[in-house]
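Chemist:
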Amino acid sequence: RSGEMAKLTQLIDNEVFQAYATYAVIVLLKMMLMSLITASFRIRRKAFANPEDTASFGKGENAKKYLRTDPDVERVRRGHLNDLENIVPFFGIGLLYALSGPELSTALLHFRIFAGARIAHTFAYLIPLPQPGRGLSWAVGYAVTISMAYKVLKTAWYL
Amino acid sequence: RSGEMAKLTQLIDNEVFQAYATYAVIVLLKMMLMSLITASFRIRRKAFANPEDTASFGKGENAKKYLRTDPDVERVRRGHLNDLENIVPFFGIGLLYALSGPELSTALLHFRIFAGARIAHTFAYLIPLPQPGRGLSWAVGYAVTISMAYKVLKTAWYL
Amino acid sequence: RSGEMAKLTQLIDNEVFQAYATYAVIVLLKMMLMSLITASFRIRRKAFANPEDTASFGKGENAKKYLRTDPDVERVRRGHLNDLENIVPFFGIGLLYALSGPELSTALLHFRIFAGARIAHTFAYLIPLPQPGRGLSWAVGYAVTISMAYKVLKTAWYL
Numbered sequence: 047r048s049g050e051m052a053k054l055t056q057l058i059d060n061e062v063f064q065a066y067a068t069y070a071v072i073v074l075l076k077m078m079l080m081s082l083i084t085a086s087f088r089i090r091r092k093a094f095a096n097p098e099d100t101a102s103f104g105k106g107e108n109a110k111k112y113l114r115t116d117p118d119v120e121r122v123r124r125g126h127l128n129d130l131e132n133i134v135p136f137f138g139i140g141l142l143y144a145l146s147g148p149e150l151s152t153a154l155l156h157f158r159i160f161a162g163a164r165i166a167h168t169f170a171y172l173i174p175l176p177q178p179g180r181g182l183s184w185a186v187g188y189a190v191t192i193s194m195a196y197k198v199l200k201t202a203w204y205l
Numbered sequence: 047r048s049g050e051m052a053k054l055t056q057l058i059d060n061e062v063f064q065a066y067a068t069y070a071v072i073v074l075l076k077m078m079l080m081s082l083i084t085a086s087f088r089i090r091r092k093a094f095a096n097p098e099d100t101a102s103f104g105k106g107e108n109a110k111k112y113l114r115t116d117p118d119v120e121r122v123r124r125g126h127l128n129d130l131e132n133i134v135p136f137f138g139i140g141l142l143y144a145l146s147g148p149e150l151s152t153a154l155l156h157f158r159i160f161a162g163a164r165i166a167h168t169f170a171y172l173i174p175l176p177q178p179g180r181g182l183s184w185a186v187g188y189a190v191t192i193s194m195a196y197k198v199l200k201t202a203w204y205l
Numbered sequence: 047r048s049g050e051m052a053k054l055t056q057l058i059d060n061e062v063f064q065a066y067a068t069y070a071v072i073v074l075l076k077m078m079l080m081s082l083i084t085a086s087f088r089i090r091r092k093a094f095a096n097p098e099d100t101a102s103f104g105k106g107e108n109a110k111k112y113l114r115t116d117p118d119v120e121r122v123r124r125g126h127l128n129d130l131e132n133i134v135p136f137f138g139i140g141l142l143y144a145l146s147g148p149e150l151s152t153a154l155l156h157f158r159i160f161a162g163a164r165i166a167h168t169f170a171y172l173i174p175l176p177q178p179g180r181g182l183s184w185a186v187g188y189a190v191t192i193s194m195a196y197k198v199l200k201t202a203w204y205l
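Residue numbers (this note's numbering), protein chains in the order written: chain B, 47 to 205; chain S, 47 to 205; chain G, 47 to 205.
Structure representation (structure tokens):
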């Protein structure tokens, strides 16, 4: 058992993998934060999607009026979905990239730029900033993921 | 080759990793089940999103009336999206957590509570149960994921 | 350091894991492509979700008319969401499957059929093909994922 454990921890003791683990958790937590922001806007704007969520505001017609969409709630939800669409590929491709033996400095560059771009994307979406603020931050994160994908395919190619 | 294989299977022979693999597959299968439930409600309620899906009900106006949203279909779809938003972070953070060398008993506690909470969340959404049933089950899964994230960051921190 | 690196690259040097990495990156890139297709349709159809995205078309009422949904944009978005719902389980269950020691030929069969089914699904959604084209391609990918899940649970079962 202890020998096995030692081997397992070698993975997490590798510096590239540690960096990957740190940045992957940071962007996943950032994505999870979107749930709390959505919930907070739903409560502040009184705009809910499920009848049972409005029960505390009264019964019948009185509660029904809170079953509605709100532009700010929908904006946060679009930001959340965009996170799913972009952070899932980063997590998956990044994991394989971290196992493909990149230089530590190159790997850190990829992880840092991606995390920065996605945090910038969230601010650009929620403030909101005028375009091309949001578009650029999205494109930077996208390009970083493509660059990691190229390295994985070059290293592991086996069709 | 056989030496390599031996090393690979050491990962899956580790008990924490086995437990992670078991619970990760269970919650991913649970999430996949939402697709079947959506399809079943779409057929029973005759509520489709794509014109080509309604072709078997006739042509023209006759088929067009089945291109509509249905409250029960939308409810299942919201449950599915909520799964994506919460099971993806569990899968990613949980994988890194399983590699960060937790105690087996602590890891099992995290995995079991998360899986239980998400199964409860699905029942709370689909029945539906009055609040705060769904909210609580969501929060428990969320808290378990945060707890695993804390352990990963404490073990692997490398910015 | 170099000893550690050697151990890490053993993972990516394993042929089953290489095949997994190759196909996982291919389907994740295919999913990422949906973002570009959505953006291209939004621009061609002038159908946007955010007011700041329409600013370049003028101000006030003139820009507001481009804040609308378009059937083709919504179709691509449904295809993208369907990818998330199906490629996420493939990535997660497939990773654990690749670590569960399958035969190389069996693993390749799973990965190839899944990738082919999802590429077929995208064509079926975007052209669109008459049913059951899209339904069948979806079901094939779903069945492959279930088959891998069964192997993982059989190998790693630890509740």
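Just so you know, even glycine gets a beta-carbon here, dropped at the ideal spot from N, CA and C.
Fair warning: this is a prediction, and the values are worked out from it, not measured in the lab.
(1) When the Cα of Arg180 (chain B) is compared with those of B:Thr168, B:Phe160 and B:Val190, which residue comes out closest?
(2) Should Ser48 (chain B) go down as buried or exposed, given a rule of 16 or more other Cβ atoms within 10 Å for buried?
(3) What residues from chain S crowd round His167 (chain B), counting only those whose CB sits closer than 7 Å?
(4) So which residues of chain G does Glu98 (chain S) contact, with C-beta pairs closer than 7 Å?
(5) Closest by CA to Val62 (chain G), which one among G:Leu127, G:Arg158 and G:Arg88?
(6) Indicate the three-state DSSP secondary structure (helix, strand or coil) for Ala195 (chain S) in the structure shown.
(7) Taking 8 Å as the cut-off, is the C-beta of Leu79 (chain B) nearer than that to any heavy atom in the ligand NAP?
(8) State buried or exposed for Ala189 (chain S), treating a residue as buried only when at least 16 other CB atoms are found within 10 Å of its CB.
(9) State yes or no: is the C-beta of Phe136 (chain B) within less than 9 Å of the C-beta of Arg164 (chain B)?
(10) If you run the structure through DSSP and keep just helix, strand and coil, what is Phe103 (chain B)?
(11) Does the distance from the C-beta atom of Thr201 (chain G) to that of Ser146 (chain G) stay below 9 Å?
(12) Excluding the 5 residues preceding and the 5 following Arg91 (chain G) in the sequence, name in chain order all residues of the same chain whose CB lies nearer than 8 Å to its CB.
(13) Report the residues of the region 133-158 of chain G with a CB closer than 7 Å to any CB of chain S, ordered along the chain.
(14) Check whether the Cβ atoms of Ala67 (chain G) and Leu142 (chain B) sit closer than 9 Å, and answer yes or no.
(15) Answer with buried or exposed for Ser183 (chain S), where buried requires no fewer than 16 other C-beta atoms within 10 angstroms of its C-beta.
(16) According to a CB-to-CB cut-off of less than 7 Å, which residues of the region 65-92 of chain G neighbour chain B?
(17) From the beta carbon of Ala195 (chain B), is the nearest beta carbon of chain G less than 9 Å away?
(18) If you draw a straight line from the C-alpha of Leu175 (chain B) to the C-alpha of Ile83 (chain G), how long is it?
(19) Where Arg124 (chain S) and Leu130 (chain G) are concerned, what is the direct C-alpha to C-alpha distance, given to the nearest angstrom?
(20) Enumerate in chain order the residues of its own chain whose CB-to-CB distance from Arg114 (chain S) is below 6 Å, with the five nearest sequence positions on each side excluded.
(21) Quick one: does Thr191 (chain B) have its CB under 9 Å from some CB of chain G?
(22) Please state whether DSSP places Gly49 (chain B) in a helix, a strand or coil.
(23) For Leu205 (chain G), which three-state DSSP category applies?
(24) Helix, strand or coil for Phe94 (chain G), going by three-state DSSP, please let me know.
(25) Going by the DSSP bridge assignment, what does Leu113 (chain S) pair with across the sheet?
(26) Run down chain B in chain order and give the residues with a C-beta less than 8 Å from the C-beta of Glu61 (chain G).
(27) For a test of the three-state rule: what should DSSP assign to Ile139 (chain B), helix, strand or coil?
(28) Roughly how many angstroms separate the alpha carbons of Val198 (chain G) and Gly106 (chain B), rounded to a whole number?
(29) Tell me, please, whether the CB atom of Ala109 (chain G) is closer than 9 Å to any CB atom in chain B?
(30) Got a sec? Which residues, its chain only, sit under 7 Å from Met78 (chain G) by beta carbon, not counting five neighbours each side?
(31) Using a C-beta cutoff of 9 Å, does Ala101 (chain B) count as contacting chain S?
(32) Looking only at its chain, what residues have a beta carbon closer than 7 Å to the beta carbon of Ala144 (chain B), apart from the 5 residues adjacent to it on each side?
(33) Enumerate in chain order the residues of its own chain whose CB-to-CB distance from Ala109 (chain B) is below 7 Å, with the five nearest sequence positions on each side excluded.
(34) Cβ of Val186 (chain S) less than 9 Å from any chain B Cβ?
(35) According to DSSP, is Leu175 (chain G) part of a helix, a strand, or is it coil?
(36) What is the rounded straight-line gap between the Cα of Val186 (chain B) and the Cα of Phe160 (chain B)?
Modeler: So, from the data block:
(1) B:Thr168
(2) Residue placement at Ser48 (chain B) is poorly supported in this model, since its pLDDT is 43, which falls under 50; the coordinates still yield a value, given next. Exposed, by the Cβ-count rule.
(3) Per Cβ cutoff of 7 Å: no residues; His167 (chain B) is ~17 Å from chain S at best.
(4) Pro174, Pro176 and Gln177
(5) G:Arg158
(6) helix
(7) Of ligands this structure carries none, so the ligand NAP is not represented either.
(8) exposed
(9) yes
(10) helix
(11) yes
(12) Asp116, Asp118 and Val119
(13) Val134, Pro135, Gly138, Ile139, Leu142, Leu145, Ser146 and Gly147
(14) yes
(15) buried
(16) Ala65, Ala67, Thr68, Ala70, Val71, Leu74, Leu75, Met77, Met78 and Ser81
(17) yes
(18) 23 Å
(19) 14 Å
(20) Ala93
(21) yes
(22) Confidence at Gly49 (chain B) is low in this model, with a pLDDT of 45, below 50, so the placement of that residue should be treated as unreliable; the coordinate-derived value is given next. Of the three classes helix, strand and coil, the one that applies to Gly49 (chain B) here is helix, per DSSP.
(23) coil
(24) strand
(25) S:Phe94
(26) Tyr204
(27) helix
(28) 49 Å
(29) no
(30) none
(31) yes
(32) Val62, Phe63, Tyr66 and Ala153
(33) Thr100, Ala101 and Phe103
(34) no
(35) coil
(36) 7 Å
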